Amino acid sequence: MADNKIVEKIKSPLEEKIKISLVVNGQEKELLVNATMRLADILREELQLTGTKVSCEIGRCGACSVIMDGKLVNSCLVRAYQANQKEILTIEGLGMNGLHPIQKAFLEEGGFQCGYCTPGMIIAVKALFDQYANPTKEQILEGLSGNLCRCTGYGGIIRAIQKLTES
Numbered sequence: 001m002a003d004n005k006i007v008e009k010i011k012s013p014l015e016e017k018i019k020i021s022l023v024v025n026g027q028e029k030e031l032l033v034n035a036t037m038r039l040a041d042i043l044r045e046e047l048q049l050t051g052t053k054v055s056c057e058i059g060r061c062g063a064c065s066v067i068m069d070g071k072l073v074n075s076c077l078v079r080a081y082q083a084n085q086k087e088i089l090t091i092e093g094l095g096m097n098g099l100h101p102i103q104k105a106f107l108e109e110g111g112f113q114c115g116y117c118t119p120g121m122i123i124a125v126k127a128l129f130d131q132y133a134n135p136t137k138e139q140i141l142e143g144l145s146g147n148l149c150r151c152t153g154y155g156g157i158i159r160a161i162q163k164l165t166e167s
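Residues 1 to 167 in UniProt numbering are what the sequence shown spells out, letter by letter.
1) Does the Cβ of Met37 have 16 or more other Cβ atoms within 10 Å, making it buried, or fewer, making it exposed?
2) What's the C-alpha gap between Ala80 and Ala105?
3) Does the distance from the C-beta atom of Leu32 to that of Ala83 stay below 7 Å?
4) Quick one: using the 10 Å Cβ neighbour count with 16 as the cut-off for buried, is Gln103 buried or exposed?
5) Alpha carbons only, please: which of Gly51, Gln85, Leu141, Gly111 is nearest the one belonging to Cys151?
6) Measuring straight from C-alpha to C-alpha, what distance separates Gly95 and Lys71?
7) Can you grab the Cα-Cα spacing for the pair Lys126 / Glu45, in whole Å?
8) Do you know whose CA, among Pro135, Ala63, Leu49, lies nearest Ser55's CA?
9) Rounded to a whole number of angstroms, what is the C-alpha to C-alpha distance between Asp41 and Gly143?
10) Just curious, the beta strand (DSSP E) that Ile20 is in, first and last residue?
11) Can you grab the Cα-Cα spacing for the pair residue 169 / Gly156, in whole Å?
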């Protein structure tokens, strides 16, 4: 005989919703999300900021790079509870009033090919220049070490950065 008892579903910690507050591109946001939702998914799905790309999903490619509280992070590795009370800068926040000088240099020097890595690369370059006003070649290479370009467009990317150091 089938048991007619109602079985109450037990919520796993993965389904638990939390309220988070964060500042994204200068705007305060309050969201109710799963505690373990990735920051990349919050940006893309909850806030419709799709410039942040998701590729490897394990923090190796840098396509999901954002600046969180002044530090470059892979947003695919940051969970909602870790993003609470943080300030986030995405590619959309970089050029809010026209092209940012980094974006302009990428365009002028051919710093992109298919474009998939470009938002993460540009954010990584922003973090680099936030740390060093005039980075050396070694600092540039170190600053980009967490960002991969499948099209091997590194020549244009390096030229764009060098152009910025000359201006």
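Every residue, glycine too, gets a C-beta built ideally from N, C-alpha and C.
Everything numeric in this text was worked out from a predicted model, so none of it was measured.
This is what the structure holds:
1) Translated into positions along the sequence shown, residue 37 becomes position 37. Answer is buried; the Cβ neighbour count reaches 16.
2) As a first step, residue 80 is located in the sequence shown; it is residue number 80 there, counting from the start. As a first step, residue 105 is located in the sequence shown; it is residue number 105 there, counting from the start. Distance between the alpha carbons of Ala80 and Ala105 is about 33 Å.
3) By one-based count along the sequence shown, residue 32 stands at place 32. By one-based count along the sequence shown, residue 83 stands at place 83. The Cβ atoms of Leu32 and Ala83 lie no closer than 7 Å to each other.
4) For the purposes of this step, residue 103 is taken as the residue at position 103 of the sequence shown. With 16 or more neighbouring CB atoms inside 10 Å of its own CB, Gln103 falls in the buried class.
5) What you label residue 151 is simply residue 151 of the sequence shown in a count that begins at 1. When each option's Cα is compared against that of Cys151, the closest is Gly111.
6) Here residue 95 is taken as the residue at index 95 of the sequence shown, counted from 1. Here residue 71 is taken as the residue at index 71 of the sequence shown, counted from 1. So the alpha carbons of these two residues sit roughly 18 Å apart.
7) Stepping through the sequence shown from its first residue, residue 126 is reached at position 126. Stepping through the sequence shown from its first residue, residue 45 is reached at position 45. One alpha carbon belongs to Lys126, the other to Glu45, and they sit about 24 Å apart.
8) Here residue 55 refers to the residue found at position 55 when the sequence shown is read from its first residue. Taking only the C-alpha atoms, the option nearest Ser55 is Ala63.
9) Taking the sequence shown and counting its residues from 1, the one referred to as residue 41 is at position 41. Taking the sequence shown and counting its residues from 1, the one referred to as residue 143 is at position 143. One Cα belongs to Asp41, the other to Gly143, and the distance between them is close to 24 Å.
10) For the purposes of this step, residue 20 is taken as the residue at position 20 of the sequence shown. Start and end: 17-24.
11) Given a span of 1 to 167 for the chain in the structure shown, any question on residue 169 remains unanswerable.
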